[in-house]
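Quick note, the sequences are listed as chains P and S, same order. Heads up: the first sequence begins at 215 in our numbering, then just goes up one per residue. Heads up: the second sequence begins at 7 in our numbering, then just goes up one per residue. Right, one structure below, let's go through it.
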Amino acid sequence: AQSVAQPEDQVNVAEGNPLTVKCTYSVSGNPYLFWYVQYPNRGLQFLLKYITGDNLVKGSYGFEAEFNKSQTSFHLKKPSALVSDSALYFCAVRDLRNFNKFYFGSGTKLNVKP
Amino acid sequence: SQTIHQWPATLVQPVGSPLSLECTVEGTSNPNLYWYRQAAGRGLQLLFYSVGIGQISSEVPQNLSASRPQDRQFILSSKKLLLSDSGFYLCAWSGSSGRAAGELFFGEGSRLTVL
Numbered sequence: 215a216q217s218v219a220q221p222e223d224q225v226n227v228a229e230g231n232p233l234t235v236k237c238t239y240s241v242s243g244n245p246y247l248f249w250y251v252q253y254p255n256r257g258l259q260f261l262l263k264y265i266t267g268d269n270l271v272k273g274s275y276g277f278e279a280e281f282n283k284s285q286t287s288f289h290l291k292k293p294s295a296l297v298s299d300s301a302l303y304f305c306a307v308r309d310l311r312n313f314n315k316f317y318f319g320s321g322t323k324l325n326v327k328p
Numbered sequence: 007s008q009t010i011h012q013w014p015a016t017l018v019q020p021v022g023s024p025l026s027l028e029c030t031v032e033g034t035s036n037p038n039l040y041w042y043r044q045a046a047g048r049g050l051q052l053l054f055y056s057v058g059i060g061q062i063s064s065e066v067p068q069n070l071s072a073s074r075p076q077d078r079q080f081i082l083s084s085k086k087l088l089l090s091d092s093g094f095y096l097c098a099w100s101g102s103s104g105r106a107a108g109e110l111f112f113g114e115g116s117r118l119t120v121l
């Protein structure tokens, strides 16, 4: 079965510092991985995806993610955090055997303090 | 460009009353459509997905049902709401299975409170 795990319920970081939000995956074959962000009472917004190619994927709002096959990880990163980055972040995987299904992690709340 | 609309944004309903949440997608054809529920502002639970008109797959048996009367319209319904149906409901669409690399695009959500 395809799945992703987000081991941190919450991440706290000071504004201007680098941030990392962790995600590990368990899939059969090559993974299709995604990151989303959710602000309070809003829908999820797509940030970036890894399908194939370069292990470092760049996305919206200065975010990037590094695909690591040996560690089965897809951590979300940003060199310098902003207070406005404070939100709920979700990692997701698309089921390759059934392209219709997306599986989401439990979410990580990012708090960026001024 | 593609857009997704979801309504109503907020709904307060008594226990035992019916429910209808509607979702429409514009700017694409033959999308895959999804209903998710998010409880307590956290994890997403896939409720239903549809690959075409009249084709509905249910992920979790429950008090809800879904219908797809038109290609770009997806409706979530209940005949009698339970307290446990309260939550944040999200509609989403993706490209059809031939475009495997596509991501999900979400609506703005519908907040349902059952009293």
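Where a beta carbon is used, it is the ideal one built from N, C-alpha and C, also for glycine. Bear in mind that the values here come from a model prediction, so they are computed numbers and not experimental data.
What in chain S is Cβ-close to residue i, meaning under 9 Å?
{"i": "Phe260 of chain P", "result": "Glu109, Leu110, Phe111, Phe112"}
{"i": "Gly230 of chain P", "result": "Per Cβ cutoff of 9 Å: no residues; Gly230 of chain P is ~27 Å from chain S at best."}
Look at the Cβ atom of residue i, then the Cβ atom of residue j, and state whether they are nearer than 7 Å.
{"i": "Ser83 of chain S", "j": "Ser71 of chain S", "result": "yes"}
{"i": "Gln252 of chain P", "j": "Leu302 of chain P", "result": "yes"}
{"i": "Thr322 of chain P", "j": "Gln216 of chain P", "result": "no"}
{"i": "Leu233 of chain P", "j": "Trp249 of chain P", "result": "no"}
{"i": "Asp91 of chain S", "j": "Val120 of chain S", "result": "yes"}
{"i": "Asn269 of chain P", "j": "Phe281 of chain P", "result": "yes"}
{"i": "Asn325 of chain P", "j": "Asn226 of chain P", "result": "yes"}
{"i": "Lys327 of chain P", "j": "Ala228 of chain P", "result": "yes"}
{"i": "Leu53 of chain S", "j": "Trp99 of chain S", "result": "no"}
{"i": "Arg78 of chain S", "j": "Thr16 of chain S", "result": "no"}
{"i": "Val297 of chain P", "j": "Tyr239 of chain P", "result": "no"}
{"i": "Ser7 of chain S", "j": "Gly49 of chain S", "result": "no"}
Name, please, each residue of chain S whose Cβ falls closer than 8 Å to the Cβ of residue i.
{"i": "Lys315 of chain P", "result": "Leu52, Tyr55"}
{"i": "Phe288 of chain P", "result": "The contacting residues do not exist; Phe288 of chain P stays about 14 Å from chain S at best."}
{"i": "Phe187 of chain P", "result": "With chain P covering 215 to 328 only, the question about residue 187 of chain P has no answer from this structure."}
Starting from residue i, find everything on chain P with Cβ-Cβ shorter than 8 Å and list it in chain order.
{"i": "Leu96 of chain S", "result": "Gly257, Leu258"}
{"i": "Arg117 of chain S", "result": "Asn255"}
Taking the beta strand (DSSP E) that residue i falls in, what are its first and last residues?
{"i": "Arg43 of chain S", "result": "38-44"}
{"i": "Lys236 of chain P", "result": "Unbroken run through Lys236 of chain P: none, as it is neither H nor E."}
{"i": "Gly58 of chain S", "result": "50-58"}
{"i": "Ile265 of chain P", "result": "Counting along the chain, Ile265 of chain P falls outside any beta strand (DSSP E), and DSSP gives it neither H nor E."}
{"i": "Lys283 of chain P", "result": "Note, Lys283 of chain P: premise wrong, no beta strand (DSSP E); not H, not E."}
{"i": "Lys327 of chain P", "result": "322-327"}
{"i": "Lys272 of chain P", "result": "270-272"}
{"i": "Val247 of chain P", "result": "Sequence inspection shows Leu at residue 247 of chain P; the Val mentioned does not correspond to that position. Start and end: 246-252."}
{"i": "Val227 of chain P", "result": "224-228"}
{"i": "Ser63 of chain S", "result": "61-64"}
Any idea which residues DSSP pairs residue i with across the strands?
{"i": "Arg117 of chain S", "result": "S:Thr16, S:Phe94"}
{"i": "Gln10 of chain S", "result": "According to the sequence provided, residue 10 of chain S is Ile. The question's Gln does not apply to it. BP columns for Ile10 of chain S point to S:Val31."}
{"i": "Phe316 of chain P", "result": "P:Arg308"}
{"i": "Phe111 of chain S", "result": "S:Trp99"}
{"i": "Phe288 of chain P", "result": "P:Phe281"}
{"i": "Tyr275 of chain P", "result": "Its beta-bridge partners do not exist; DSSP assigns none."}
{"i": "Gln79 of chain S", "result": "S:Thr30, S:Gln76"}
{"i": "Val218 of chain P", "result": "P:Tyr239"}
{"i": "Gln259 of chain P", "result": "P:Val251"}
Which residues of chain S have a Cβ atom closer than 7 Å to the Cβ of residue i, listed in chain order?
{"i": "Gly321 of chain P", "result": "Arg48, Gly49"}
{"i": "Phe281 of chain P", "result": "Simply none; closest approach about 14 Å."}
Note down, in chain order, every chain P residue with its Cβ under 7 Å from the Cβ of residue i.
{"i": "Asn38 of chain S", "result": "Asn314"}
Kindly confirm or deny that the region 269-284 of chain P and the region 21-31 of chain S touch, where touching means at least three C-beta pairs closer than 8 Å. In short, these stretches do not touch, since the Cβ pair count stays below three.
Taking one C-beta from the region 314-325 of chain P and one from the region 47-65 of chain S each time, how about it: are there three or more such pairs within less than 8 Å? Taking 8 Å as the limit for Cβ pairs, the verdict is that the region 47-65 of chain S does touch the region 314-325 of chain P.
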